[in-house]
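S.K.: Have a look at this one.
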Amino acid sequence: MNQCELQKRISEVQFVCIELNLYLDTHPDDQAARNDYYTYSRLLDELITEYETEYGPLLGFGHSPTDVGCWVCSEWPWERK
Amino acid sequence: MWIYQKKLEFPINITNPDLKVARALMAQYGGPDSELAAGMRYLTQRFSMPDDRIRATLNDIGTEEIAHWEMIGTMIHQTMENASLADLEAAGLLGYYTIHGKAVYPADPNGVPFVASYIQATGDPIADIAEDMAAEQKARATYEHIMNQTDSEQYLAPLRFLREREVVHFQRFSECWNILKELYPDGRQNKIFK
Numbered sequence: 001m002n003q004c005e006l007q008k009r010i011s012e013v014q015f016v017c018i019e020l021n022l023y024l025d026t027h028p029d030d031q032a033a034r035n036d037y038y039t040y041s042r043l044l045d046e047l048i049t050e051y052e053t054e055y056g057p058l059l060g061f062g063h064s065p066t067d068v069g070c071w072v073c074s075e076w077p078w079e080r081k
Numbered sequence: 001m002w003i004y005q006k007k008l009e010f011p012i013n014i015t016n017p018d019l020k021v022a023r024a025l026m027a028q029y030g031g032p033d034s035e036l037a038a039g040m041r042y043l044t045q046r047f048s049m050p051d052d053r054i055r056a057t058l059n060d061i062g063t064e065e066i067a068h069w070e071m072i073g074t075m076i077h078q079t080m081e082n083a084s085l086a087d088l089e090a091a092g093l094l095g096y097y098t099i100h101g102k103a104v105y106p107a108d109p110n111g112v113p114f115v116a117s118y119i120q121a122t123g124d125p126i127a128d129i130a131e132d133m134a135a136e137q138k139a140r141a142t143y144e145h146i147m148n149q150t151d152s153e154q155y156l157a158p159l160r161f162l163r164e165r166e167v168v169h170f171q172r173f174s175e176c177w178n179i180l181k182e183l184y185p186d187g188r189q190n191k192i193f194k
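These protein sequences, in sequence, are chains A and B.
So the first sequence is numbered by our numbering: it starts at 1 and just counts up by one.
So the second sequence is numbered by our numbering: it starts at 1 and just counts up by one.
Structural data, given as structure tokens:
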């Protein structure tokens, strides 16, 4: 996947995680949803690691252990493509 | 604490800017039912919320609202960035430009700056969650009013996403409301303040 495709895939999987997270906030005992949340969290983690190994850090404050790319010089999300 | 992720929750790329839409979007950046108001409201109310599930809901929806606030700011920024004075004047934004230039400032479409009195934290769980349910519906209505002002997919795609999030958040707050009804079947909450 190129950078744009990988970003899109991360956004899709992250959206699943956000939805499941909010659902689990009010349904903490739903085991099926907990399993899904675990599965998608693992997938999200893998995709973010793949992205950061190739293109540089997505997260600040020490949450992106990669020596590729540059936090300061990569494009900010509000910049036009 | 919060960790910043250098991406938007939903992609935005405005290449055909419409300043009238940017002006309408200010309702959701600095208006009474804005994403800013939503985020501040939930992240503030969570401190005094007595139930784990509702605390989590306020914390996590509040966090998502900040990401939505960033999306609205991005749309306004990309629309105003290269605007001419004539375009700004045609959209009724010369007053805004005089004070803020092309910066993104939390004010509503009429230039009224954001104030904390748009939100409330009463410390009363039923009052606070009732306010949050209303806030989500008011924000949904505002999104529909903005969407009525454009046919451009560049605006409509992210706006559809954001409108849908209001519907989902309302659903979660409704569940919080039902949790409160179970906790306080007689409507009295004073036992939580013992």
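Beta carbons are placed, not taken as given, at the ideal position from N, Cα and C, and that holds for glycine.
For the region 4–18 of chain B, which residues have a beta carbon sitting closer than 9 Å to at least one beta carbon of chain A?
M.R.: Listed in sequence order: Y4, Q5, K6, K7, L8, E9, F10, P11, I12, N13, I14 and T15.
S.K.: Which value, in whole angstroms, describes the spacing of the CA atoms of S74/A and L59/A?
M.R.: Rounded to whole angstroms, S74/A to L59/A spans 12 Å at the Cα level.
S.K.: How big is the Cα-Cα spacing for D132/B and V68/A?
M.R.: Approximately 42 Å between the Cα atoms of the pair.
S.K.: Mapping DSSP to helix, strand and coil, what is K7/B?
M.R.: DSSP places K7/B in coil when its eight states are reduced to three.
S.K.: State the DSSP-derived secondary structure class of A91/B, mapped to helix, strand or coil.
M.R.: Note: A91/B maps to coil in three-state DSSP.
S.K.: Between the alpha carbons of Q141/B and V104/B, how many angstroms are there, rounded?
M.R.: The sequence given here places Ala at residue 141/B; Gln does not occur at that position. About 23 Å.
S.K.: Short of 8 Å Cβ to Cβ, which residues in the region 163–187 of chain B face chain A?
M.R.: Per Cβ criterion, the list reads V168, H169, R172, E175, C176 and I179.
S.K.: Which bits of chain A does A56/B rub up against, with CB to CB less than 7 Å?
M.R.: D25, listed in chain order.
S.K.: DSSP three-state label for A107/B, please.
M.R.: It is a strand residue.
S.K.: Which chain A residues are close to D60/B, counting only those with a beta carbon under 9 Å from its beta carbon?
M.R.: The contacting residues are I18, N21, L22 and D25.
S.K.: Within the chosen definition, does the region 145–162 of chain B reach the region 18–35 of chain B through at least 3 CB pairs nearer than 8 Å?
M.R.: The answer is yes - the region 18–35 of chain B touches the region 145–162 of chain B, with three or more Cβ pairs under 8 Å.
S.K.: Along chain A, which residues have their Cβ under 7 Å away from the Cβ of H77/B?
M.R.: The contacting residues are W78.
S.K.: Could you please tell me which residues of the region 50–66 of chain A, in chain order, have their CB closer than 7 Å to any CB of chain B?
M.R.: Answer in chain order: L58, L59, G60, F61 and H63.
S.K.: Does the distance from the CB of R46/B to the CB of I179/B come in under 8 Å?
M.R.: No, Cβ-Cβ distance for R46/B and I179/B is not below 8 Å.
S.K.: Excluding five sequence neighbours on each side, which residues of the same chain lie with their C-beta closer than 6 Å to the C-beta of E9/B?
M.R.: Excluding residues within five positions, the ones whose Cβ falls inside 6 Å are A67.
S.K.: For a contact meaning CB atoms closer than 8 Å, what does E64/B contact in chain A?
M.R.: Under the 8 Å cutoff, chain A gives I18 and L22.
S.K.: Of all the options T66/A, D30/A and G62/A, which has the alpha carbon lying nearest to the alpha carbon of W2/B?
M.R.: Comparing Cα positions, the closest option is G62/A.
S.K.: Output yes if chain A places a C-beta closer than 8 Å to the C-beta of G39/B; else output no.
M.R.: With 8 Å as the cut-off, G39/B does not count as an interface residue toward chain A.
S.K.: Is N2/A buried or exposed, if buried means 16 or more other CB atoms sit within 10 Å of its CB?
M.R.: By the neighbour-count rule (16 or more Cβ atoms within 10 Å), N2/A is not buried but exposed.
S.K.: Of all the options K7/B, F173/B and F161/B, which has the alpha carbon lying nearest to the alpha carbon of E79/A?
M.R.: Considering only alpha carbons, the answer is K7/B.
S.K.: Looking at the secondary structure, which residues open and close the alpha helix (DSSP H) in which S11/A lies?
M.R.: Its alpha helix (DSSP H) spans residues Q3 to T26.
S.K.: Please report whether the beta-carbon of T150/B lies at a distance below 8 Å from any beta-carbon of chain A.
M.R.: Closer than 8 Å: no.
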